[in-house]
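Some notes on the structure that comes next.
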Amino acid sequence: MTERKNAYTYDDLIASGKGELFGEGFAKLPKPPMLMFDRITSITSDGGEFGKGQV
1093 MTERKNAYTY DDLIASGKGE LFGEGFAKLP KPPMLMFDRI TSITSDGGEF GKGQV
């Protein structure tokens, strides 16, 4: 399994859209031109208003 990261680059997001980042059976982000952001600077599995995570 891929180690969880707390930030993702544009290339990581593109790889996710191709199904290459997390592997088979995992959700994919949209690819350009539907990709809505160019990086994720911080992502956590806890925190946020409901304690379910924060991007």
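Taking the numbering used here, the leading residue of the sequence shown gets 1093, the next gets one more, and so forth. Glycine residues also receive a C-beta, built at the ideal position from the N, C-alpha and C atoms. From a predicted model like this one, the values you see are computed outputs, not experimental measurements.
Ordered along the chain, which non-local residues of its own chain (more than five positions away) have a Cβ less than 7 Å from that of residue i?
i: residue 1130; result: 1102
i: residue 1128; result: none
i: residue 1107; result: 1113
Got a sec? Which residues, its chain only, sit under 6 Å from residue i by beta carbon, not counting five neighbours each side?
i: residue 1111; result: 1120
i: residue 1123; result: 1109
Under 8 Å Cβ to Cβ from residue i, same chain only, skipping five residues before and after it: list those, please.
i: residue 1134; result: 1098, 1099, 1146 and 1147
Who pairs with residue i in a beta bridge, going by DSSP?
i: residue 1100; result: 1132
Just the C-alpha distance for residue i and residue j, rounded to the nearest angstrom, thanks.
i: residue 1140; j: residue 1114; result: 24 Å
i: residue 1144; j: residue 1136; result: 9 Å
i: residue 1125; j: residue 1096; result: 26 Å
i: residue 1104; j: residue 1132; result: 9 Å
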